[in-house]
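Numbering (this note's numbering), first residue to last: 4 to 211. Note that CB positions come from ideal geometry on N, CA and C, so glycine has one too. Right, one structure below, let's go through it.
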Amino acid sequence: MKRHLTASICVLITCASPVLAQAPDWRDYFPLKVGHRWTYIVNADPKKKVVIDVERTEDYTRVAMKDDKKISEKFTGFLLKSSSGDKVTRDHVVVMENGVYRIYAASTLINPPLLFFKFHVKSGETWTCDSVSGNTTIKGTSTATLVKNQGPNGKIDYWKIEYNNDKPGDDRIEITYWFAPGYGMIQHQVKTKNHDITLKLEKFEPAK
């Protein structure tokens, strides 16, 4: 149980990503461009950092059945490299019609692909996820809330996203993350019975 819970935390912390505001353009809240880099401080300890880079593009081909025929559709994807000390993992995210999907988390396939960044979401809207990554089930509910004029200078709107795995007591996992225009994810918190991990953005370095 403890091993599976730890695996769930690892998958969910990489899956947590912003949800699209209706305005401005979603790319302001989740900028995907090769060369972008985010550096986060872990639990307010400046010696502990996580760095996320948009490493390269890697497209994805979705195969589906339509009118009893197989059809293939190609979508633009990106590899995100996460580094913390000497540990490096990579996620594969893909932009589809209704949002951004995670195909791999920490190089482990997610089946079905996980919709984690939903386009045109409304404040207060909820959605569910039900996927498997390795031996870990990712199943729960997310809620998006638009928080107005509450940025560092009180002049920006950001999205607050709250996820829970719909389980009680010791098995409950809660994730809260915040996304600001022009920066992407600025803060991320994962809480379980035995863990409380918070990432806060130290700096965002856009691609040159």
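Pairwise C-alpha distance: residue j and residue i
| i | j | result |
| --- | --- | --- |
| P115 | D133 | 8 Å |
| K203 | S85 | 15 Å |
| V150 | K163 | 7 Å |
| V66 | M99 | 13 Å |
| I113 | D62 | 16 Å |
| D173 | A47 | 25 Å |
| L118 | V103 | 6 Å |
| N138 | K158 | 43 Å |
| K142 | M68 | 25 Å |
| T42 | I74 | 40 Å |
| A26 | G185 | For A26, the predicted structure reports a pLDDT of 44, less than 50, and the residue's modelled location is therefore unreliable. A value from the coordinates is still provided. In a straight line, the C-alpha of A26 is about 13 Å away from that of G185. |
| Q153 | G187 | 15 Å |
| T131 | S145 | 6 Å |
| S110 | N167 | 23 Å |
| K211 | P171 | 46 Å |
Cβ-Cβ distance between residue i and residue j below 8 Å
| i | j | result |
| --- | --- | --- |
| V45 | V53 | yes |
| F120 | F33 | yes |
| D89 | Y107 | no |
| A183 | Y161 | yes |
| D56 | R40 | yes |
| T64 | V37 | no |
Beta strand (DSSP E) segment containing residue i, residue limits
| i | result |
| --- | --- |
| E100 | First-last for E100: undefined, no H or E at that position. |
| S86 | 80–87 |
| P171 | No beta strand (DSSP E) contains P171, which DSSP labels as neither H nor E. |
| V57 | 48–60 |
| K45 | Per the sequence shown, the amino acid found at residue 45 is Val instead of Lys. Segment 40–45, the beta strand (DSSP E) holding V45. |
| F122 | Neither: F122 is in no beta strand (DSSP E) and is coded neither H nor E. |
Per-residue DSSP class, three states only, for residue i
| i | result |
| --- | --- |
| G127 | coil |
| G185 | coil |
| R65 | strand |
| K90 | strand |
| D31 | helix |
| D199 | strand |
| A147 | strand |
| E208 | strand |
| D70 | coil |
| V96 | strand |
Whole-Å CB distance - residue i paired with residue j, under 8 Å assumed
| i | j | result |
| --- | --- | --- |
| R105 | V91 | Rounded, the Cβ-Cβ distance is 17 Å, inconsistent with contact. |
| I178 | Q190 | Going by Cβ atoms, the distance from I178 to Q190 rounds to 11 Å, so no, they are not a contact pair. |
| L35 | F81 | 5 Å |
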